[in-house]
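S.K.: One structure is given below, represented as C-alpha cells, and several questions about it will come after.
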Amino acid sequence: MALYTKEEALKYHSMKRKGKLEVVSIKPCETQRDLSMAYTPGVADACRAIHADVEKVYEYTNKGNLVAVVSNGTAVLGLGNIGPEAGKPVMEGKGVLFKIFADIDVYDLNIRQMDPDKVIEFCKMLEPTFGGINLEDIKAPECFKIEQTLIKEMGIPVFHDDQHGTAIISGAGLMNVLEISGKNIKDIKVVVSGAGAAAISCSRFYEAMGLDKSQIWMFDSKGLLHTGRTDMNAEKTYYAQSKACTMAEAMTGADMFLGLSGKDVINAENVKAMAKNPVIFACANPDPEIAYSVAKGARTDLIMATGRSDTPNQINNVLGFPFIFRGALDVRSKVINEQMKLAAAKALAALAKEPVSPEVCAIYGVKELKFGIDYIIPKALDPRVLEWVSPAVAQAAMDSGVATIQLDIKQYKKDLATRMTASKARTKMMVDSFGYDL
570 MALYTKEEAL
580 KYHSMKRKGK
590 LEVVSIKPCE
600 TQRDLSMAYT
610 PGVADACRAI
620 HADVEKVYEY
630 TNKGNLVAVV
640 SNGTAVLGLG
650 NIGPEAGKPV
660 MEGKGVLFKI
670 FADIDVYDLN
680 IRQMDPDKVI
690 EFCKMLEPTF
700 GGINLEDIKA
710 PECFKIEQTL
720 IKEMGIPVFH
730 DDQHGTAIIS
740 GAGLMNVLEI
750 SGKNIKDIKV
760 VVSGAGAAAI
770 SCSRFYEAMG
780 LDKSQIWMFD
790 SKGLLHTGRT
800 DMNAEKTYYA
810 QSKACTMAEA
820 MTGADMFLGL
830 SGKDVINAEN
840 VKAMAKNPVI
850 FACANPDPEI
860 AYSVAKGART
870 DLIMATGRSD
880 TPNQINNVLG
890 FPFIFRGALD
900 VRSKVINEQM
910 KLAAAKALAA
920 LAKEPVSPEV
930 CAIYGVKELK
940 FGIDYIIPKA
950 LDPRVLEWVS
960 PAVAQAAMDS
970 GVATIQLDIK
980 QYKKDLATRM
990 TASKARTKMM
1000 VDSFGYDL
C-alpha cells in the first residue's frame, strides 16, 4: 500500500520554501562587530592564516564537513537519462540524507555535461571548497573512468554511491547469509542480472570478500556476458564466461541471484532450480526482478532482500554513504579505499546480530527484529549505525595509511552521539519553524 499520493509528494517538494535544502548562517551577524568579523576586515585574518598554512582551511572554513553531490542526470534512480534539472530533486534528497543521518553539509551540483573528461575537469576544480565528492546518477561506463581518474588525481575522498553503496550494503548482507547458510564464498555460484555501475561494483566487492570472477554469471540486456560476444566494454569483458547460456540455465544450481536490472527477470521456476538455502537480492526499484511473494512462495529455505522498504532485508544505500563519508571526513582521509569499504560492510553485518531496541522495532511496526533470514541487514533508522560504521571506517583509514589525522576511536564514538543529538535538535527546530502541514 502506497504511503503517499503523487499530489502529496509534489506538495512535499513545493510547499512554502521550494525544494528540500536551505543554507543557514551558524555564526551571529547582528552587530557591527559581528559583521566586521564575518566579512571585512576580520575575514582577512582567516584568509592570511590559510594562505600561510593551507591545511588551516579545515580550521577556519566548513570544508571539513562539506560534500559535493555531483551529477549530470544520466542515470537517475529508475528514471534513466532525464537530465540535470530533473535529477536535482534526487540530489537535494541526497543532501537531506547526509544531514539527518550524519550531520554532513551538502551542496548539490547538477551539471549539463556528458563528456566524462569535462566532468573530471569540473570536479577537480572543486577541491579547494569541498572535503569530499559524492558522484551520483552518472551512467556507465563513463562513471568508471570519472571516479577512477578523480581518485588518482584528487586529495579528497571521491565516492560513486551508485557503484559502491549497493556493493557495501549487499556485501554486508551476503556476509550474514553465508553465516546463516553455512556456505563458503569460495564455493558459491552467483548469477547477476544487470551489468551497469552497481552490478560491476557489487561483483568487484564480492571478489574483495573472496569470490572469484569465474563464479559469476553476469547478464546484460543482450544476455550472458561471454567470450563469443564482440559488443562489450572492458568492464563487461572482465566477467565474460567461456560459453553462452540462458538465464534459466545459469540459475540452475545457483546459490545467489543479484538483481540490478528490471522487473520480472526471473520466475518461480528459476528460484526452485537454485541450490539449497539460496539467496536472492532483487534490487530493482520500484519493482524487483521477482516479486517477494512469488520468490518466497517458491522456496521455504530462501533468504531474500529487495530495495523496497515494505519487505524484510532492504538493501538501502543510506546505510552506507553518510556514515562512510562521516568517518572519512573526520580523519581527513585522502580517499575511500577498499579497506574502508570492507570495514563498513563488516560493521553493518556485525550490528545486525545485536539486539534491536523496542523503539526501533516500533518505527517499523514489528514486535522484534532478530538476526536470521528476515533480518540480515540493520534498519536504516537504527541510530546505532552511525556509531558502528563511521568509527570502523575511520579506523580502517588510519590503519591503511590514508588518514591525515588520528582519532581516539573510543572518544570518537561518544563525540558522534553528542554531535547527532545536537544536529537532530537543530534540524527539528528549523523544520518546525516553517509549520509544514503534510
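Taking the working numbering, the leading residue of the sequence shown gets 570, the next gets one more, and so forth. Where is the CB? At the ideal position from N, CA and C, for every residue including glycine. Note that the structure is a prediction, hence the values are computed from the model and not measured.
1. Roughly how many angstroms lie between the CA atoms of residue 868 and residue 841, to the nearest whole one?
2. Looking only at DSSP bridge pairs, what is residue 786 linked to?
3. Could you name the residues that DSSP lists as bridge partners for residue 555?
4. Might you give, ordered along the chain, the residues of its own chain that have their beta carbon closer than 8 Å to the beta carbon of residue 877, omitting 5 neighbours on each side?
5. Where in the region 706 to 778 do unbroken runs of the beta strand (DSSP E), each at least 3 residues long, occur, reported from the N-terminal end onward?
6. Assuming residue 772 contacts residue 761 (C-beta within less than 8 Å), just tell me the rounded distance between them.
7. From this set, 769, 828, 779, 736, which residue's C-alpha is nearest residue 756's C-alpha?
8. May I ask you to report which of helix, strand or coil DSSP gives residue 882?
9. How is the beta strand (DSSP E) around residue 825 delimited, first residue to last?
10. Which full runs of the beta strand (DSSP E) of 3+ residues lie inside the region 846 to 898, going along the chain?
11. Let me know the secondary structure DSSP gives residue 941 once reduced to three states.
12. Who are residue 703's beta bridge partners in DSSP?
13. Going by DSSP in three states, residue 908 sits in which element: helix, strand or coil?
14. If I measure Cβ to Cβ from residue 1012 and keep anything under 6 Å in the same chain, skipping five residues before and after, which residues do I get?
15. Indicate whether the contact test is met: 3 or more Cβ pairs, each with one atom in the region 701 to 708 and one in the region 723 to 731, closer than 8 Å.
16. Between residue 828 and the rest of its own chain, which residues show a CB-CB distance below 7 Å, the 5 nearest in sequence each way excluded?
17. Could you give the C-beta distance for residue 938 and residue 956, rounded to a whole number, given that I count them as a contact under 8 Å?
18. Tell me which same chain residues have a C-beta within less than 8 Å of the C-beta of residue 754, skipping the five on either side of it?
19. Have a look at 712, 588, 686, 927 and flag the residue whose alpha-carbon is nearest the alpha-carbon of residue 657.
M.R.: In this structure, then:
1. So the two alpha carbons sit approximately 6 Å from each other.
2. Answer is 760, bridged to residue 786.
3. Because the chain here runs from 570 to 1007, residue 555 falls outside it and cannot be looked at.
4. Cβ neighbours of residue 877 within its own chain (closer than 8 Å, five residues either side excluded): 854, 855, 857, 861, 883.
5. Scanning the region 706 to 778 for uninterrupted beta strand (DSSP E) segments of 3 residues or longer gives 727 to 729, 759 to 762, listed from N- to C-terminal end.
6. Residue 772 to residue 761, Cβ: 6 Å. Contact.
7. Out of 769, 828, 779, 736, 779 has the C-alpha closest to the C-alpha of residue 756.
8. In the three-state reduction of the DSSP assignment, residue 882 falls in the coil class.
9. Per DSSP, residue 825 belongs to the beta strand (DSSP E) from 825 to 828.
10. As summarised for the region 846 to 898, the continuous beta strand (DSSP E) elements at least 3 residues long and confined to that stretch are 848 to 851, 872 to 875, given in chain order.
11. Here residue 941 carries a strand assignment [DSSP, helix/strand/coil].
12. For residue 703, which the question treats as bridged, DSSP gives the partners 638, 728.
13. Three-state DSSP puts residue 908 in a helix.
14. Here the chain has residues from 570 to 1007 only, and residue 1012 is not among them.
15. Yes, they touch.
16. Contacts found: 762, 763, 834, 850, 851, 852, 853, 857, 858.
17. About 18 Å; that fails the 8 Å criterion.
18. Same-chain partners within the cutoff: 743, 747, 775, 778, 779, 780.
19. Nearest of 712, 588, 686, 927 to residue 657, Cα basis: 588.
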